[in-house]
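Data block below; observations after.
Numbering (my numbering), first residue to last: 817 to 1077.
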């Protein structure tokens, strides 16, 4: 950190990995803006303030460009210019084969998972360029590399984030801005822990580390990418998956075999 505390805006911070990121960034000395469409994100900011940190929350839908601009403007008014943007907001609710997937569900997933990151990046870039500093971290998934059975929307948006990441890095690297992607694997989020044991254990068996990832491990990777030590890391795709991507069998076909049993 520098002498001046930096401001980190983290989307999807009401629960899961985003909530843990908000806590870890706050503990590391950042001024944190917890962002989510869910109103309980206010509880996250309140908890951080109770711990003695300076934090605010903003409630808006990242798929709405105007709501993003207005919401992040309120963050700047409260904390100052945004130095670090973590695009963590995402939905995983569209489960259907490609042949019968509803267009509206596909569009909603694109709107939140991919356009949401685009909207937030576009809102913060001008000030980052003006100051000559910025850290943008897009939370993708190892599904971006291997696809995901019956989740074409999710896999496509997470793959799209990789192209967005590299393009921002190319266009703005000379302005002191880095843009990198995190690719979590099977992580012990609330959603994953609610999975049937058989499905979760089948997936865990393909992780060389032999366990699920911890949300704190993903958050720690984000903290590194936000740091001065990572100033020369740009356009990177960093898997945080215990080596799961090294399996010779794709995540997509593993899931399919599991579903067919």
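For each residue, glycine too, the CB sits at the ideal point set by N, CA and C.
Residue i to residue j span [Cα, whole Å]
i	j	result
residue 826	residue 911	26 Å
residue 1024	residue 1059	6 Å
residue 923	residue 931	10 Å
residue 916	residue 969	12 Å
residue 892	residue 1029	33 Å
residue 913	residue 947	46 Å
residue 1035	residue 937	19 Å
residue 828	residue 853	8 Å
residue 1000	residue 908	14 Å
residue 1044	residue 919	42 Å
residue 945	residue 867	33 Å
residue 1061	residue 941	32 Å
When the options are compared against residue i, the one with the closest alpha-carbon
i	options	result
residue 789	904, 949 and 946	Coverage of the chain is limited to positions 817 through 1077, which leaves residue 789 absent and any answer about it impossible.
residue 1054	1047, 1038, 873 and 1045	1038
residue 1026	1044, 1007 and 1002	1002
residue 821	854, 889 and 895	895
residue 939	889, 1048 and 918	889
residue 975	987, 920 and 925	925
residue 1048	999, 986, 1061 and 1000	986
7 Å Cβ cutoff met for residue i and residue j
i	j	result
residue 878	residue 884	yes
residue 848	residue 824	yes
residue 1050	residue 981	no
residue 971	residue 959	yes
residue 1022	residue 1063	yes
residue 949	residue 992	yes
residue 856	residue 830	yes
residue 897	residue 935	no
Beta-carbon contacts of residue i that lie in its chain and below 6 Å, excluding the five residues immediately before and after
i	result
residue 1046	1040
residue 929	906 and 973
residue 954	903, 933, 977, 981 and 997
residue 887	874 and 876
residue 1042	900 and 951
residue 817	In this prediction, residue 817 has a pLDDT of 40, which is less than 50 and means its spatial position is unreliable; nothing more can be read from the coordinates.
residue 869	842
residue 1052	996
residue 1065	Note that residue 1065 scores 47 on pLDDT, short of 50, meaning its location in the model is unreliable and no value can be drawn from it.
residue 865	871
residue 921	910
residue 979	none
Spatial neighbours of residue i in its chain, beta-carbon cut-off 7 Å, leaving aside the 5 residues before and after
i	result
residue 1005	832, 833 and 1031
residue 1016	1008
residue 1033	1056
residue 1079	Here the chain comprises residues numbered 817 to 1077, so residue 1079 is not present and cannot be evaluated.
Same chain only: Cβ atoms within 8 Å of residue i, ignoring 5 sequence neighbours per side
i	result
residue 1020	1002, 1026, 1027 and 1028
residue 927	879
TODO: Check whether the segment 963-971 touches the segment 1010-1024, counting contact only when three or more Cβ pairs, one atom from each stretch, lie closer than 8 Å.
DONE: no
Open item on the list: Can you confirm whether the segment 856-864 touches the segment 826-835 when touching is taken to mean that 3 or more C-beta pairs between the two stretches lie within less than 8 Å?
Closed with: yes
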